[in-house]
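**Q** Can you keep this structure in mind? I'll have questions shortly.
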DNA sequence: ATAGAATATTCTTGTCAAAGAATATTCTAT
DNA sequence: ATAGAATATTCTTTGACAAGAATATTCTAT
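So this is what it looks like as structure tokens:
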């Protein structure tokens, strides 16, 4: 169900959150500050990322520290690798395919 | 601008289109049939995928044959690989981290 | 030139999701 | 126990986008 991951990443604040988490974990309020949004929105976005399995929580006192969940990135990597024939093995096949269909075209290619 | 790619893939029909294109190129009407949607929606979805740079058109007579654009998948692959330290180099660090924080989680792990 | 095939565009409607605002919950000090 | 800090939830409003419906455009045969 990789589409849940795409939906989670299709929002600017959440994409930013994920990229910030590449450096280190952050708390909810830290995200609110870094993204210049209010705390409730930060909570909501983190909840969505959490439900998408991209993030997990680490409770320290009242603070909820969020970190990246490698698992979901693994799956995403696998999904993309299922397309890897596009730019690896079949680069020649693609070329021949284009060459083959070129004659069917009106010269705009 | 990888977020445009995520937005494009965050819709079930478009995700399906991309996965169908993994096999071979298709025309607009073929997508409409395969996805059981009407032709205009197929056109619109393909337009969005095209504007996101994930797909390119090959005009054959009146038919518009759509194929995957490897470039965008390359970029997506690069984006994900920028997170690769998550599941490669630091697998041991992650393991000890999880071991340390496991008691704070809700048991779904 | 005309008809038909294939695709694209426009406009409207309905739905879902993000933001705002207020409040609730949870935890920790004292 | 209580106050305050940190986070979560609820409700409403707003905006974006997908679907529907109708029509327009483009191209190809004849």
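Protein chains in written order, with the numbering used here: chain U, -5 to 103; chain R, -5 to 103. All residues carry an ideal CB built from backbone N, CA and C; glycine is no exception. Given the structure is predicted, the values throughout are model-derived calculations rather than measurements.
1. Is residue 80(U) near residue 50(R), with beta carbons less than 9 Å apart?
2. Would you give the residue range spanned by the beta strand (DSSP E) that residue 59(U) belongs to?
3. With 9 Å set as the bound, which would you pick, yes or no: does the beta-carbon of residue 70(R) sit closer than that to a beta-carbon of chain U?
4. With DSSP as the reference, label residue 67(U) as helix, strand or coil.
5. Since residue 46(U) and residue -2(U) are thought to touch, with beta carbons under 8 Å apart, how far apart are those beta carbons, to the nearest angstrom?
6. Counting only the same chain and skipping the five closest in sequence on each side, list residues whose C-beta sits under 7 Å from that of residue 82(U).
7. So, at 6 Å on beta carbons, what are the nonlocal neighbours of residue 69(R) in its own chain, with the 5 sequence-adjacent residues on each side left out?
8. Comparing alpha-carbon positions, which option in 19(R), 8(R) and 3(R) lies nearest residue 54(R)?
**A** On the basis of the coordinates in this document:
1. Taking the first residue of the first chain as position 1, residue 80(U) is located at position 86. Taking the first residue of the second chain as position 1, residue 50(R) is located at position 56. For the pair residue 80(U) and residue 50(R), the CB atoms are not nearer than the 9 Å cut-off.
2. Residue mapping note: residue 59(U) aligns to position 65 of the first chain, counting from 1. Unbroken beta strand (DSSP E) run through residue 59(U): 57 to 62.
3. For the purposes of this step, residue 70(R) is taken as the residue at position 76 of the second chain. Residue contact check for residue 70(R) against chain U: a CB pair falls below 9 Å.
4. Along the first chain, one-based indexing puts residue 67(U) at 73. DSSP places residue 67(U) in helix when its eight states are reduced to three.
5. The residue you call residue 46(U) lines up with position 52 of the first chain. The residue you call residue -2(U) lines up with position 4 of the first chain. Between residue 46(U) and residue -2(U) a beta carbon distance of about 5 Å is seen, short of the 8 Å cut, so the two are scored as contacting.
6. Within the first chain, numbered from 1, the residue matching residue 82(U) stands at position 88. Excluding residues within five positions, none has a Cβ falling inside 7 Å.
7. The residue given as residue 69(R) occupies position 75 in the second chain. So the list is empty, once near-sequence residues are dropped.
8. Position 60 of the second chain, counted from the start, is the residue given in the question as residue 54(R). Taking each of 19(R), 8(R) and 3(R) in turn and checking the Cα distance to residue 54(R), the smallest one comes out for 19(R).
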